[in-house]
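Working notes for the structure below.
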Amino acid sequence: MTAKLKGQANQTLSRQAQLYQRAQQVMPGGCSRNTILREPHPIYAKSASGCYIQDIDGNRYIDFANNMAALIHGHAHPVITEAVSAQLRKGSAFTFATEVEIEFAEHLCSRSYSLENLRFVNSGTEAVMSAIKAARAYTGKSKIAKVEGAYHGLYDYAEVSQTANPSNWGGSDNPHSIAVAHGTPRGVLSDVIVIPFNDPARAIQILDRHASDIAGVLVDPLPHRVGLIPASEPFIQALRDWTTKNASLLMFDEVITFRTEYGGAQTRYGVKPDLTAMGKMIGGGFPVGAIAGNKSVMQVMNPLNDAVLFPHSGTFSANPITMTAGLTAMRLFDRHAVAQLNALTATLKEQLNQAIAISGVPACVTGEGSMFRVHLKPQVPNNYRDTYTTGEENARRTALLDHFFANGIALINTCSGTLSTAHGQKEIDRFSEVLLSGLRKLAQ
Ligand code: PMP
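If you're matching positions, the sequence shown starts at 10 in the numbering used here and goes up one per residue.
If you want it as structure tokens, here you go:
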């Protein structure tokens, strides 16, 4: 990226390109999160309202990225903005507790039968890490199992095999545990057991080989990087049965998927996870995470017990700004709002399938609830290995993404999107048109 920009004289660069040059002097890659990178430079936001966002060079986009699925009511929702502004004037962080933390915990726990007790943290990464540590503390075991390719944040154990590729992923009967960060301790890799998605027979065979050592099985019911395909009922049931039988915990990562149903994606299945990690949407636009679940499991974090099995703290955990924004946003996201948003997304997916059919380009759409992903593949993938794209496929997807951005639509880099309650028929019609013109361009 730098090379591309270097060739141009400074005065010919857009303001965004100039900013990116500055950013690279002080931040590796010129940013603090890789997800915002685009060629030839990231887009620098000026302001946003509802589902529209403007950059500092005057371009306007319909925002289907929603800060990586974290915004459920779009940008600067007036009720949330008002509530947060009022709290800001009263202080933003204390070494005291606040009532709003209790109210928000009560509210979230009331949304799903599995959420009996809860603690707040500051990110999805922290929520998943806390769930894993709680599972180890509760069971006294050290291994965890996770789905190949699934993203669960940056914790060493949670990220294993997130970026596995055909050269290192091994056979599907025995997927290898592949490190993401260089220098990941070998012990981490031997303590993470990788299972294939939606393949209960193979998954159980693999788990059985480590039956007495697994503290918990971590699963995202709609894993984005695995293809945004819902976990099948038999897969989830098999994991529930296996964990119960083997004194291990079932952990749901609902950092994104909590938005898919009023009580999270878990309420679609006839099972109760022992622990749930949450984040993104529940912060109402502010950094957040939460770990929740079975009361006796959550007791491992109780500092009033004689033995505190998992001591747990965080300077900004449950800060009143996040609590206020989150509680306000979640109250607005009531059963009616969830149903309406999911119905709008279903309409969008139908329209996208029509656009694909008209274009004649081999492509398909996956997703559930208020999330969708466009794949430049003729058939809906079944797992991470099917979803995995090669150099040529990546180039086509980038061309499609560039077409979306050039036509005023912001998306997540995998050609995935999420809706917020700020979107309406007008915006999804525009999205469908731009997909059709983009596919036609690809076909040429
Ligand atoms: N789990 C899932 C399923 C996620 O999608 C993400 C973030 N993309 C995380 C965990 C980590 O959340 P955060 O970025 O807030 O640390």
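A virtual CB, placed ideally from N, CA and C, is assigned to each residue, including glycine. Note that the structure is predicted; figures quoted are calculated from it, not measured.
message: Is it buried or exposed, I421, if we count other Cβ atoms within 10 angstroms and call 16 or more buried?
response: Locating residue 421 in the sequence shown gives position 412, counting from the first residue. Classification for I421: buried.
With DSSP collapsed to three states, give me the class of T11.
Taking the first residue of the sequence shown as 1, we reach residue 11 at position 2. Caution applies to T11, whose pLDDT of 44 falls short of 50 and renders its modelled position unreliable; the value that the coordinates give is listed next. The answer is helix: DSSP assigns T11 an H, G or I state.
- Proximity below 7 Å, CB of A144 to CB of A224: In the sequence shown, counting from the first residue as 1, residue 144 sits at position 135. In the sequence shown, counting from the first residue as 1, residue 224 sits at position 215. Yes, the pair counts as a contact, with Cβ atoms nearer than the cut-off.
Margin query: Between K160 and the ligand PMP, is there a pair consisting of the residue's CB and a ligand heavy atom that are separated by less than 6 Å?
Written below: Along the sequence shown, one-based indexing puts residue 160 at 151. The sequence shown places Tyr at residue 160, rather than the Lys named in the question. Y160: yes, Cβ under 6 Å from the ligand PMP.
- Task: Measure the C-alpha to C-alpha separation of R120 and H345 and round it to an integer number of angstroms.
- Result: Against the sequence shown, residue 120 aligns to sequence position 111. Against the sequence shown, residue 345 aligns to sequence position 336. Taking the straight line from one Cα to the other gives about 14 Å.
(Q) Given this structure, state the Cα-to-Cα distance separating N177 from G162, to the nearest angstrom. (A) Position 168 of the sequence shown holds residue 177. Position 153 of the sequence shown holds residue 162. For N177 and G162, the distance between alpha carbons rounds to 21 Å.
- For H233, which three-state DSSP category applies? The residue given as residue 233 occupies position 224 in the sequence shown. Note: H233 maps to coil in three-state DSSP.
**Request:** Go to H116, then tell me how far its beta strand (DSSP E) extends in each direction, as first and last residue.
**Result:** By one-based count along the sequence shown, residue 116 stands at place 107. It is not in any beta strand (DSSP E) - H116 instead sits in the alpha helix (DSSP H) that spans 108–118.
Report task. Sort H86, D250, A327 by Cα distance to E112 and report the nearest one. Result -> Position 103 of the sequence shown, counted from the start, is the residue given in the question as residue 112. Among H86, D250, A327, the Cα nearest to that of E112 belongs to A327.
**Prompt:** By a C-beta neighbour count over all protein chains shown, 10 Å radius and 16 as the cutoff for buried, is T21 buried or exposed?
**Reply:** For the purposes of this step, residue 21 is taken as the residue at position 12 of the sequence shown. Exposed, because fewer than 16 other Cβ atoms sit within 10 Å of the Cβ of T21.
Close-in-space but distant-in-sequence residues of the same chain around F244 (CB under 6 Å, 5 per side omitted): Translated into positions along the sequence shown, residue 244 becomes position 235. Cβ within range, chain order: N207, P209.
Near the ligand PMP: S132 beta-carbon under 6 Å from a heavy atom: Counting from 1 along the sequence shown, the entry for residue 132 is found at position 123. Within the cutoff, so yes.
Q. Is it the case that the CB of G292 approaches a heavy atom of the ligand PMP more closely than 6 Å?
A. Within the sequence shown, numbered from 1, the residue matching residue 292 stands at position 283. Not so, every heavy atom of the ligand PMP lies at least 6 Å from the Cβ.
Quiz item: For M287, which residues does DSSP report across the bridge?
Solution: Mapped onto the sequence shown, residue 287 falls at position 278. M287 pairs with A299.
* Classification of R277 by the beta-carbon crowding that lies within 10 angstroms, buried from 16 upward -> Position 268 of the sequence shown, counted from the first residue, corresponds to residue 277. So R277 ends up on the buried side.
Reference L336; option with closest CA among D64, M260, C118
Taking the first residue of the sequence shown as position 1, residue 336 is located at position 327. Measuring from the Cα of L336, the nearest candidate turns out to be C118.
* Beta-carbon spacing of T148, D165 below 7 Å -> One-based indexing of the sequence shown puts residue 148 at position 139. One-based indexing of the sequence shown puts residue 165 at position 156. No.
task: Could you say if the segment 103–111 and the segment 241–261 meet the contact criterion of at least three C-beta pairs nearer than 8 Å?
output: no
message: I'd like to confirm something about G39: is its beta-carbon nearer than 6 Å to some heavy atom of the ligand PMP, or not?
response: Residue 39 sits at position 30 when you count from the first residue of the sequence shown. No - the ligand PMP has no heavy atom lying nearer than 6 Å to the Cβ of G39.
Next on the checklist: For a quick check, are the C-beta atoms of S429 and N75 less than 7 Å apart?
Outcome noted: The residue labelled residue 429 in the question sits at position 420 within the sequence shown. The residue labelled residue 75 in the question sits at position 66 within the sequence shown. Against a cut-off of 7 Å, the Cβ pair of N75 and S429 comes out as a contact.
Got a sec? Which residues, its chain only, sit under 7 Å from M10 by beta carbon, not counting five neighbours each side? Taking the sequence shown and counting its residues from 1, the one referred to as residue 10 is at position 1. Residue placement at M10 is flagged as unreliable, the pLDDT there being 42, under the threshold of 50; the coordinate-derived value follows with that caveat. Around M10: E48, P49, H50.
* Asked: Does at least one heavy atom of the ligand PMP sit under 6 Å from the Cβ of D165?
  -> Within the sequence shown, residue 165 is the residue found at index 156, counting from 1. Result no, Cβ not under 6 Å from the ligand PMP.
ask   = On the three-pair Cβ rule with 8 Å, is the segment 287–296 touching the segment 119–135?
value = yes
Would A159 and P232 qualify as a contact pair, given that the criterion is a beta-carbon distance under 7 Å? Working through the sequence shown from its first residue, we reach residue 159 at position 150. Working through the sequence shown from its first residue, we reach residue 232 at position 223. Closer than 7 Å, so yes.
- Message: Assuming V169 and V137 are in contact, meaning their beta carbons sit under 8 Å apart, how far apart are those beta carbons, in whole angstroms?
- Response: By one-based count along the sequence shown, residue 169 stands at place 160. By one-based count along the sequence shown, residue 137 stands at place 128. Rounded, the Cβ-Cβ distance is 12 Å, inconsistent with contact.
Discussion item. Please tell me whether, using a cut-off of 6 Å, the distance from the CB of G9 to the nearest non-hydrogen atom of the ligand PMP is below it.
Written reply: Any answer about residue 9 is impossible in this case: the structure gives the chain only from 10 up to 453.
Within 10 Å of its beta-carbon, does L410 have 16 or more other beta-carbons around it, so buried, or fewer, so exposed? Position 401 of the sequence shown holds residue 410. So L410 counts as buried.
TODO: Can you grab the Cα-Cα spacing for the pair F8 / S425, in whole Å?
DONE: Residue 8 cannot be examined here, being either before or after the span of the chain that is shown, 10 to 453.
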